[in-house]
């Protein structure tokens, strides 16, 4: 699990640079999200091996992510937003990606 940080760092850098093209960044963020989902599943499987701090951070990450998924589903269901909704989604999902990156950094340190 210690290599998760390096993989995450590389994908976040690629995504950040591809955001200069906007659509490339959106596509890269999808790949980043899929990789982070696979990492999260691995973290759940090995949850007992994690430090207390990482467990607490990961629980916060899961709750925050689930909350934003529900919020965006509600907003999407009622048709609120439009183009501004896409920008909000991009910033929030990148923020969650950076939070996941921080968790993998803490795993690497432990």
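Numbering (the working numbering), first residue to last: 11 to 120.
All C-beta atoms, glycine included, are put in the ideal place defined by N, C-alpha and C.
No experiment lies behind these values; they were computed from the predicted model shown.
Pairwise C-alpha distance: residue j and residue i
i: residue 105; j: residue 115; result: 15 Å
i: residue 64; j: residue 12; result: 13 Å
i: residue 82; j: residue 20; result: 27 Å
i: residue 79; j: residue 49; result: 18 Å
i: residue 88; j: residue 76; result: 19 Å
Boundaries (first-last residue) of the alpha helix (DSSP H) holding residue i
i: residue 95; result: 93 to 119
i: residue 68; result: 62 to 87
i: residue 31; result: It is not in any alpha helix (DSSP H) - residue 31 carries neither H nor E in the DSSP assignment.
Other residues of its chain near residue i: CB distance less than 6 Å, five sequence neighbours each side excluded
i: residue 34; result: 28
i: residue 121; result: For the chain, the structure presents residues 11 to 120; residue 121 sits outside this window and is missing.
i: residue 36; result: none
Cβ neighbours of residue i in the same chain (closer than 7 Å, five flanking residues each side left out)
i: residue 56; result: 11
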